[in-house]
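Be aware that the sequence shown starts at 1, since it is given in UniProt numbering, and climbs by one per residue. Here a beta-carbon is modelled for each residue, glycine too, at the ideal position from N, C-alpha and C. Notes for the one structure printed next.
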Amino acid sequence: MGSSMKSQRQDREAVHYNEDPLPPSPTNATQVRANEEPQSDLSPTEMTETFSEDREESHESSEDMEGVVLSEESTQSMARESTTAQISERDPEKELKSLFSNMESIQDQLEETRLELANSCAERKELVEVLNDLRTRVQPAGRFTDREIMGFVKQLKYSISNLAEQWPETVPPKSTSMHHKYLRHLQSITPESSDYRRLLQNEDRRPQLVESFIWKVLTTEVFGLFHWAGESVAPHIRGLQLFLTTDLGSPRPSDVQMWTSKTTQLFSEALNSRGGDEKEQNKLYLERIRNQITSLIIETLGLSVNSSDSVAEQLDDILQGAIDLDKRFCQQAAGWEWKYLYKSHHEEGLVFDGDCMVLDQAERFCSDKKTETQAVVKFVISPALVKRGDGDGVNEGLETTVIKMGVSCQDI
């Protein structure tokens with residue numbers, strides 16, 4: 001029985017084995033592919049050779065890629081070896097010596113540059129001295145700044161005002177000739193030719209009249225007449241200036257002023273180089289002019305001889321200051337001029353203008369601003385000082401009133 005069961009079990013396994021598909025094997029796989037795919041014309045031997053060739057080509061391609069990789073690695077290796085060789089070739093000691101050598105060369109060049117700069121500065125200093133020397137020879141040595149000029153002007157104005165305040169009571173002489181030009185100066189101050197008499201006898205108004213009269217004499221008999229040039233030269237300079245300024249085709253005022261400035265400088269140099277005799281003659285001439293003008297002022301105002309000594313001394317100082325200031329005006333490149341800012345001495349209805357006029361000090365304290373703007377000018381006490389152009393002789397159209405015209409608006 002046991003034998004029969006074993007036999008049955010073997011039969012069933014055999015049946016089961018026959019029903020299951022065969023496991024894949026190289027032979028079976030080849031046959032399946034042969035059944036599924038078209039038949040190839042290659043024989044087994046040819047197929048084997050083709051497979052061998054494919055493997056050889058694949059192997060060669062792999063070897064080529066390995067060659068490429070090896071080539072890149074070789075390049076990097078060579079670069080590292082080259083850098084290492086360069087580093088090994090650098091000598092720090094030699095490089096340090098080279099740096100020190102370069103520094104020494106730069107220091108030498110710097111020292112040479114310093115020496116050249118020092119020499120250039122020395123040459124420049126010498127040139128400046130030469131130019132200054134030439135400038136003193138060509139340009140006026142007495143050229144002043146505006147501030148210095150204003151200092152001289154203010155000193156002169158103070159001296160005149162101070163003398164006018166001290167002027168003693170006088171009685172104008174009745175015997176003075178009507179043709180006396182100083183009397184004409186006095187009469188031209190006020191609207192009426194006889195008003196000066198009442199003003200001289202008025203203690204409060206006398207200083208105004210005396211100051212106005214002195215200024216009138218200075219502006220007509222001293223300034224612009226070149227008395228400082230001496231008796232022999234002054235008339236020629238006056239004639240040349242008159243020739244240069246009268247005709248329509250005359251040079252510009254700035255050119256005339258520049259000519260006057262250079263002429264003044266040349267004359268001063270020539271006079272300084274002359275002997276003492278010529279200087280003494282010039283000194284005597286100026287003294288004679290001052291004495292003459294002083295005497296005429298005192299005579300015209302009727303001052304007595306007993307009270308004229310102190311006045312004459314102060315007048316002499318004022319006249320010398322005016323002559324010196326006239327020379328300083330002539331030495332400047334800009335034009336300086338005393339002006340009465342109206343068309344005629346007796347212009348009617350001259351209204352006070354604060355832009356170019358200033359009230360006399362005695363009248364400022366008893367008037368208000370509203371009265372000043374509506375006031376009518378009665379007479380002029382001192383002229384205005386006008387500057388034309390600048391210190392370089394240009395901008396001749398620029399005219400500046402540096403000192404306003406002093407006026408009186410009080411009834412006579």
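> If you follow the beta strand (DSSP E) that V386 is part of, which residue opens it and which one closes it?
Replying inline: A384 to R388
> Quick one: is E221 buried, meaning 16 or more other Cβ sit within 10 Å of its Cβ, or exposed?
Replying inline: buried
> Does the ligand GTP have even one heavy atom less than 7 Å from the beta-carbon of T260?
Replying inline: Of ligands this structure carries none, so the ligand GTP is not represented either.
>> Runs of 4 residues minimum, wholly inside the stretch 255-341: which ones carry the alpha helix (DSSP H) assignment?
In response: 276-301 and 309-331
>> Please report the straight-line C-alpha distance between C330 and I106, rounded to a whole angstrom.
In response: Roughly 58 Å separates the two Cα atoms.
> DSSP state of V377, grouped into three classes?
Replying inline: coil
> By a C-beta neighbour count over all protein chains shown, 10 Å radius and 16 as the cutoff for buried, is H185 buried or exposed?
Replying inline: buried
>> Assuming contact is defined by CB atoms lying nearer than 8 Å, are A322 and L225 in contact in what I supplied?
In response: No, they are not a contact pair.
> What's the call for L115, buried or exposed, on a 16-neighbour Cβ count within 10 Å?
Replying inline: Around the beta carbon of L115, fewer than 16 other beta carbons sit within 10 angstroms, so the residue counts as exposed.
> Hey, out of R288, V130, E337 and S268, whose CA is closest to Q320's CA?
Replying inline: R288
> If we ignore side chains and look at the alpha-carbon of each, how far apart do M405 and E126 end up?
Replying inline: 48 Å
> Alpha carbon to alpha carbon, how far is D324 from R198?
Replying inline: Approximately 34 Å, taken between the alpha carbons.
> On the three-pair Cβ rule with 8 Å, is the stretch 275-287 touching the stretch 188-197?
Replying inline: no
> Ends of the beta strand (DSSP E) at G406?
Replying inline: M405 to S408
> Closest to A334 by CA distance: which of S268, F144 and L99 is it?
Replying inline: F144
> Quick one, which of P253, R252, V233 and E280 has its alpha-carbon nearest L266's?
Replying inline: V233
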